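In what follows, a structure is listed as structure tokens, so that the remarks can point back to it.
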Amino acid sequence: MTWEELENKCQSCTGCPLSATRTNLVFGCGNKNASLMFVGEAPGEQEDLAGIPFVGRAGQLFDKYLAAVEIDREEVYIANILKCRPPKNRDPLGTEQDVCIEFLREQVRLVRPKMIVCLGRIAAMRLIRADYRITAEHGRWVQKGDFLMTAVYHPSLLLRDPRKKDDMLTDMLDVAAKYRSLSGGSARRDSL
Ligand code: URA
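Take my numbering: the last position of the sequence shown gets the number 1390, and nothing is skipped along the way.
What follows is the structure in structure tokens.
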């Protein structure tokens, strides 16, 4: 499947009731050849309005972490487990995830990242392990098939509980270090 075919399929999906209540599909964004992919939970209000993942308050905080660890948002790929916003930002239902996960799988097949970083519990429980415990396990790496995977706190959790911000920075620094080692060096070294 090509990117165009996948996005068209996503746009015309009526596989769950969320397609009727969304404003825009939030397909995903960034570098389609990225070696690092971030996967969040589902679009919120601002994402639903813009059609772009992680552009609301949580997204702006996430951008600050990317900047702090010197990863350019344009060089990675960002997607969500769900492509349509759940009403009032409730947790995605299992049935919604079951339908939508196929689109994410296809995105992963097309991007072929080396690393996948789950943003928060919902993505970690879907992509790493059903009984994943984010507080105990965030920042730990697992190799799953072709992918090196970890989970970090969801940025919206950090807005509610700023005491977790130090742990988030530690985890994101580790993500950046692994990313640089897997991509063969930092941008700065490449430019020398
Ligand atoms: N939260 C998510 O999980 N994804 C978004 O795109 C925005 C907020």
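All C-beta atoms in this analysis are idealised placements derived from N, C-alpha and C, irrespective of residue type, glycine included. Bear in mind the structure is a predicted one, so any value in this text is a computation, not a measurement.
Environment of residue i [buried if 16+ CB atoms lie within 10 Å]
i	result
A1375	exposed
N1278	buried
G1382	exposed
K1281	buried
P1360	exposed
S1210	exposed
A1195	Nothing can be reported for residue 1195: it is not among the residues displayed for the chain, which extend from 1199 to 1390.
Closest by C-alpha distance to residue i, when choosing among the options
i	options	result
E1203	L1308, K1312, V1340, H1352	L1308
S1233	R1327, I1320, L1247, R1271	R1271
F1236	V1306, T1212, S1354	V1306
G1213	P1241, E1300, R1331, G1337	E1300
I1250	L1357, A1266, G1226, Q1258	G1226
L1380	F1345, A1266, K1286, C1298	F1345
R1283	L1259, A1334, F1252, Y1275	F1252
heavy atom of the ligand URA below 7 Å from residue i C-beta
i	result
H1336	no
G1228	no
V1306	no
F1252	yes
Helix, strand or coil at residue i [DSSP, three-state]
i	result
N1278	strand
T1200	coil
F1260	helix
L1234	strand
Start-end ranges of the alpha helix (DSSP H) lying completely within the region 1289-1370, minimum 4 residues: Correct list: 1292-1309, 1319-1325, 1332-1335, 1353-1358.
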